[in-house]
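Using our numbering, the first residue of the sequence shown is number 152, and each one after it goes up by one. Just so you know, even glycine gets a beta-carbon here, dropped at the ideal spot from N, CA and C. Please read the structure below before turning to the comments.
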Amino acid sequence: MAEAVAGAGIDVSDLPAVNAALNGVSAILLAVGFYFIRRGQRRRHRAFMLAAFGTSTLFLISYLVYHAGAGSVSFQGQGWVRPLYFLILFTHVVLAAIIVPLALVTLVWAGRGRFSRHRRIARWTLPVWWYVSVTGVLVYLMLYHLFPST
């Protein structure tokens, strides 16, 4: 698993940490973007939301590259944490599939200047996207640090 990713000097085995970092950065960018729109600072809001979208896109590419080479990793935790992990993972995966088209539609409405539609869908997009980003970090921590495979 020591293959370098596209000559970037990153081993494929490093990608889970990269993915978690990208998810964490995305969550922060989303929160800051929300902060700015609540204060009427549209240009800053737009910049942070586009940065969050870019970061999430990089995450998705990195995630696909990793899993194409590494497959899946089994969760090793036992007891009460096992159903908790799978609950978090299940909701994360389902909402991650939903957030891709939801985020795209939200961005398209904003890009077309259809702000009433953008606001209506963004009320759903933001919390789902934020949840997916945060739970992505939690899944990583649980899988690779709290209960790593041996």
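Open item on the list: Please tell me whether Pro167 and Tyr291 are closer than 7 Å, where the distance is taken between their beta carbons.
Closed with: Residue mapping note: residue 167 aligns to position 16 of the sequence shown, counting from 1. Residue mapping note: residue 291 aligns to position 140 of the sequence shown, counting from 1. In this structure, Tyr291 lies closer than 7 Å to Pro167 by Cβ.
Open item on the list: Using a Cβ-Cβ cutoff of less than 8 Å, which residues in the same chain neighbour Ala153 once the five nearest sequence positions on both sides are dropped?
Closed with: Within the sequence shown, numbered from 1, the residue matching residue 153 stands at position 2. Residue placement at Ala153 cannot be trusted, given a pLDDT of 47 that sits under 50; the coordinates are not used to answer.
Task: Cβ neighbours of Ile249 in the same chain (closer than 7 Å, five flanking residues each side left out) - done: Numbered from 1 along the sequence shown, position 98 holds the residue referred to as residue 249. Same-chain partners within the cutoff: Val279.
Task: Burial state of Ser300, where buried means 16 or more other Cβ atoms lie within 10 Å - done: Stepping through the sequence shown from its first residue, residue 300 is reached at position 149. The residue is exposed, with fewer than 16 neighbouring Cβ atoms inside 10 Å.
- [ ] Look at Phe298 and Gly222 and say whether their C-beta atoms are less than 7 Å apart.
- [x] The residue given as residue 298 occupies position 147 in the sequence shown. The residue given as residue 222 occupies position 71 in the sequence shown. No. Outside cutoff.
Open item on the list: Using C-beta distances below 6 Å, list every residue in its chain close to Phe266, excluding the 5 sequence neighbours before and after it, in chain order.
Closed with: Start at 1 with the first residue of the sequence shown, and residue 266 comes out as number 115. Contacts found: none.
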